[in-house]
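Worksheet for the structure shown next.
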Amino acid sequence: MFDTQTRAPLTPAEEYSYAKLAMEWYGWGSPIGLGILLVCLAATAVLLRIAIFGF
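In the working numbering, the protein residues as written are 58 to 112.
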């Protein structure tokens, strides 16, 4: 009942294009990366304020 589809291995050019797309989405220039960077900068600012001025 299960039909398995076999797929040919990717060519090096296809592998490169998929890797490039993945890095564009998950790199620091992506929405996810920029969101993480923003959270890290905010946490750093809060910790510096606590270190300098206290609570």
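Using N, Cα and C, we set each Cβ at its ideal position, and we do this for glycine too. For clarity, every value in this text was computed on a predicted model and none was experimentally measured.
- Per DSSP, the unbroken alpha helix (DSSP H) holding ALA100 starts and ends at 88-110.
- When DSSP states are grouped into helix, strand and coil, LEU67 belongs to the coil group.
- If you draw a straight line from the Cα of GLY90 to the Cα of LEU104, it is about 21 Å long.
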